[in-house]
Every structure is written in C-alpha cells, then in structure tokens.
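Report on the structure given below.
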Amino acid sequence: MKLSRMFVMAGLASVLGTTALQAADYYIAPQKAGPVAGAALAAITLQATKTSRLRDSVVQSGNGSAKWVSVNKSTTTTTTTTTTDTTAAPTPTALSLQAPSSTNTYASFASLAASKKLVGGDTVLFMAGYHGMLTVSGQNFTTPVTLMAAPGAVAQVDAIVVTASTKIVIKDLKVWTSGATTTVTNQIKSDANTTDITFQNLDVRAAPTSVNYVNWDLATWTSNKRNGIEMKGTRNSAIGNRVTGVNFGIMASGNGALIEKNIIDGFSGDGMRALGDNSVIRGNRVQNCVRIDTNHADGFQSWSRGPNGAGSGTVYNLTIEGNKFYEWNNPTVSPLKCKLQGVGMFDGMYDGVKVFNNLVSSTQYHGITIAGALNTVINNNTVTAPTTTKLNYPWIKIAYHKNGTPSQNVRVSNNTSNGMGVPASTVNNVVATNNILITNSAAEFVSPTGQNYELLPTARSANSGLAAYAPPVDILGIPRPRGSAPDAGAYESY
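Take our numbering: the last position of the sequence shown gets the number 488, and nothing is skipped along the way.
As structure tokens, then:
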C-alpha cells in the first residue's frame, strides 16, 4: 500500500497551507521489449524433505521470486519445472499502483534519477524486456525506495551496481550478462559506501545458459567465470535470491550483513562468504560445486582482516544458522564435481561465533572447521558424507590460529558427525559434550545416499542431546524436544 505524506507549512502562528503528496510509482521502459533470453529454472525447495514433517517451505518460482507455501503434515513436498520465461504485461496485483503514462515512464533508471523526483517510499517498476546495465549511484533516502519488475513482467538487466546510496531495495529482476557485455565480474555489486541495500528475490546467473551448468565443460565454466552477489557496504542484505552457475555465490565484506534464504546452485568458487562483524548467514541452501582452477570450494568461508593481511584481525559476532550445504545432489554428475568444504574458517581470530542447525553433506575432510575461535558455540549440526561407508570425515574441528594462538571458551555439543577434532582443554575452556560419532550411517539416517538426514527411530542421535545446549527449534523450524530429550544433529525427528 502507498502511504500518504503530509507536509504542513506554518509560520507566525498561522497555517499557510496544507498539501497531500502521494508516494509515486515510476515505470522504466526496456531498451528492447519482448521475451528475454534464458530458460526458466526448475523449482528448488529451500527446506526440502522427503518426509511429511515439513510445515512451511520457501519455494523459488520460475521468475526468481519466493513465496511461503503452507504444507499439511500429511502432504509431501514436490519439485516442479516451470516453462520458458516470456515477456508479459503487468497483471492486476494487490498493490495500489499508478498506471504507466507519459508523465511517469522513463527511458532508463538513470534518466529518472537525474530528474530528482525520487523520494522515500517510491516504487520504480521495470517493464518487460531487456534493460542493459542497472547503475544506482548517489541515491540516499530515509525510507526505502524499491526497484522491482512490474507485476507480471519479466525484466532482465546485464548487471546491478550500487554506489554511494542508502535504503534501496532491488527485487524480482533477472540478472545475467548478455552477449554484448563481457566485462562484468560481479553480476550484482554494492560498494563500500552503501548502507541498508537489499537484494531480494533476484534470479542471478553468470549467463543465460546457466540453467545448463551441469553440462558445462571447463571452457564454458571459464568463459562464464562471474560472481553472483558481492556486498561491500554496511547492513546490506541478500534475501531469497536464486544464484545459478556462477563463480562465487554471495560475498559480504561489510559489517552487519544478512545472507538469508538464498539458493546457490552450481558454483566454482565459494558458495558464501562473510568477513564483517555482526553478520548473519541463515537458512540458505548451497549445492553442486565444480572445480575449474586452484581454488578449493567452501560452502561458507570467512577470514579476519588486519594490518598484516588475512588472519591478522578478528571477526566478531558471526551467526551461521540453519543452512544446508550439499557437495552434489543433481542426478547428473559433472566430471568437474568438486570436494566441498562445508564451513571453513581458517584465518581467525573469530570471537562470538554461533554455528548451529546446519547440514553439511560432503566427501571432503573439513565439515565445520574453525582455527582461532573465541567465545564460540557449535551446536546441533549434522556433518556427514552421502555414503553408507564408514568414514572419519567430514569432521567438526577446533584448532589453534595459524600463528599459534589457542582457541578459548569454545563449546561443541549435540552434533552428529563422521569425525570430531576438538581437543578438550581445561586451561583454554574448550569442551566437547554429547556429540554423536557416526559408526553406521544406514542405521542413523532415513537415506544417507539419498541425502535425507532425518533420523531413524533407532538412531543413536535420537533423544541424545542436552537440552541446555539445544536451539529451541531444528533446521526445519520444528520445536525441540519432541521426545524425552533433544536429538543430536540438525534434525529433531523423535
């Protein structure tokens, strides 16, 4: 709903005049109207499960938007494939929008910005078709201005760059590089001089053909080596985006970043990074990595920065909660498939870190590893390989900083993992308690090879956690405990 803004001018104890100003809608005409290149993506459920316990799930639609779907306990969640994207005229919507006209339609966002008409609360609607590069610079507001696809429209831009701006929401656009633009490194980027920028429900790809990344060869991956979203500003957010066939997925180097409910599907670098203080990485799904160079892929990575480079500072108050990291879960296996490290934090110090309710499904050694941890808790995570073969990795590990500084005040509890490398220390107050080491994954999980890691009734993890250390809900939002005690691991099954 649009909000009325009332300006009252008064002087000498007299009201001189009163004017009501309606928040405005502006339309941006495409450079090229008509269907945009790029097939629609198959839907992926953010909280996929093969059983009937899922209550609410975020489903990414074919146009990159997300919606909440209520699922009855007796209903099975399914995945569907959408049709090819086509350009459509705006359709009726619950929003109260002004119709496009000669007075509120502009040839580009740059021309609208130059008009100086935008104020907080306005909405900028991109009409169906191709729009080229979207650059937002010097746009600062006290209440958000929203840039979005017009309702029912499929609007595509080559890339999005935001500089020197505050309180901008950009949502519901297709973002991939056309053949005419080859210099893009980041499909979306906010510079360090930005604050409170939100990227939401965007369909982000390195190329129109990213939907076929499973079949890309080395040359195709290398020629499309572009990152998804890079956020350098303060309190910037990436929420509910679909990032497909990219190099690095979502990177945040500024303080107060939020990376939430995104799907990163097909990547050759790292799935997510967060380097700033007070950042939250919550409810994301990262899957299907390839290796095309010397980089070793991490589902999530962080490192500190200081006067002597990486590892010479401290990252404070980092929360990694409710994420799912799958090395590979596409039925077609790429010959370039990588070995994925889950949560890799090798260059501390890290102070005030919380890692809980995450799933790591990988064949690499490091499931969750923190080198140089202070005042940190790692609770109720499931870290395992998608196999029934007995392995002692992936593991959960706490180590010294590479400069020899020990980790201190660390608790690792209620986790289910193939391996555990947490050397207990009374001096440094490093404690590992009530963790379950998997000896027979077939007896522990519903389907290890099918990567369904909910627990069987006879699982050793069932009812084996300590209530004092368990988060109140599990990775699916199900309250703990269901039985006599919380389950170990990310899933509260019994």
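Just so it is clear, CB atoms sit at the ideal spot from N, CA and C, and this is done for glycine as well. What you are looking at is a predicted structure, and each value in this text was computed from that prediction instead of being measured.
The alpha-carbon of Thr378 is positioned some 46 angstroms away from that of Thr117. In its chain, beyond the 5 residues on either side, Glu438 have a beta carbon closer than 6 angstroms to the beta carbon of Ala453. Ala158 and Ala122 have their C-alpha atoms roughly 28 angstroms apart.
When DSSP reads this structure, Phe193 sits in a beta bridge with Ile164 and Ala232. Bounds of any alpha helix (DSSP H) do not take in Leu112, whose DSSP letter is neither H nor E. Fewer than three pairs of CB atoms, one per stretch, sit closer than 8 angstroms, so the segment 221 to 230 makes no contact with the segment 289 to 299. Look at Pro473 here: in three-state DSSP terms it is strand. Ranked by how close their Cα comes to the Cα of Ala93, the residues Ile314, Phe120 and Lys110 have Phe120 in first place.
Here Val284 has Trp215, Ser262, Ser328, Leu330, Lys331 and Cys332 as same chain residues with Cβ atoms under 7 angstroms from its own Cβ, once five neighbours each way along the sequence are excluded. Per DSSP, the continuous alpha helix (DSSP H) segment holding Leu212 begins and ends at Leu212 to Ser217. Ser90 carries a coil assignment under DSSP once its states are collapsed to helix, strand and coil. Counted as a single uninterrupted DSSP element, the alpha helix (DSSP H) harbouring Ser435 occupies residues Ser435 to Glu438. Taking a contact as a CB-CB distance under 8 angstroms, the pair Ser172 and Asp197 does not count as one, their CB atoms being some 14 angstroms apart. Here Gly342 is near His395, since their CB atoms are less than 8 angstroms apart.
Only residues of its own chain outside the window of five on either side were considered, and among them Asp271, Asn272 and Gly346 have a CB closer than 7 angstroms to the CB of Asn311, listed in chain order. By the Cβ neighbour-count rule, Gly132 is exposed, with fewer than 16 other Cβ atoms within 10 Å of its own. Ranking Ser102, Tyr207, Thr420 and Thr177 by CA distance to the CA of Leu141 puts Ser102 first. Scanning the segment 374 to 412 from its first residue to its last, no whole alpha helix (DSSP H) run of 4-plus residues comes out. Distance check between Asp287 and each of Leu212, Met339 and Ala147 places Leu212 closest, using alpha-carbon atoms only. By the Cβ neighbour-count rule, Thr238 is buried, with 16 or more other Cβ atoms within 10 Å of its own.
Around the beta carbon of Thr179, a 10 Å sphere encloses fewer than 16 other beta carbons of the protein chains shown; the residue is thus reported as exposed. In terms of CA proximity to Pro475, Ala461 leads the group Ile469, Gly483, Ser355 and Ala461. Bounds of any beta strand (DSSP E) do not take in His125, whose DSSP letter is neither H nor E.
Residue pairing for Thr313: DSSP places it in a beta bridge opposite Val274 and Lys348. Between Gly222 and Ile244, the gap from beta carbon to beta carbon is short of 8 angstroms. DSSP, reduced to helix, strand and coil, places Asn422 outside both helices and strands of the structure shown, so it counts as coil. The criterion of a C-beta distance shorter than 8 angstroms is not satisfied by Asp185 and Val139.
Around the beta-carbon of Val467, fewer than 16 other beta-carbon atoms lie within 10 Å, marking it exposed. Note on geometry: alpha-carbon atoms of Phe350 and Leu91 lie some 42 angstroms from one another.
Burial state of Lys384 is exposed, judged by a 10 Å Cβ sphere holding fewer than 16 other Cβ atoms. For Arg405, the closest of Ala367, Ser441 and Asn434 by C-alpha to C-alpha distance is Ala367. DSSP, reduced to helix, strand and coil, places Leu119 within a strand of the structure shown. The continuous beta strand (DSSP E) containing His360 extends over residues His360 to Ala365. Secondary structure at Thr171: coil, using DSSP grouped into helix, strand and coil. Nearest to Lys26 by alpha-carbon distance, out of Thr97, Leu128, Lys111 and Ala149, is Ala149.
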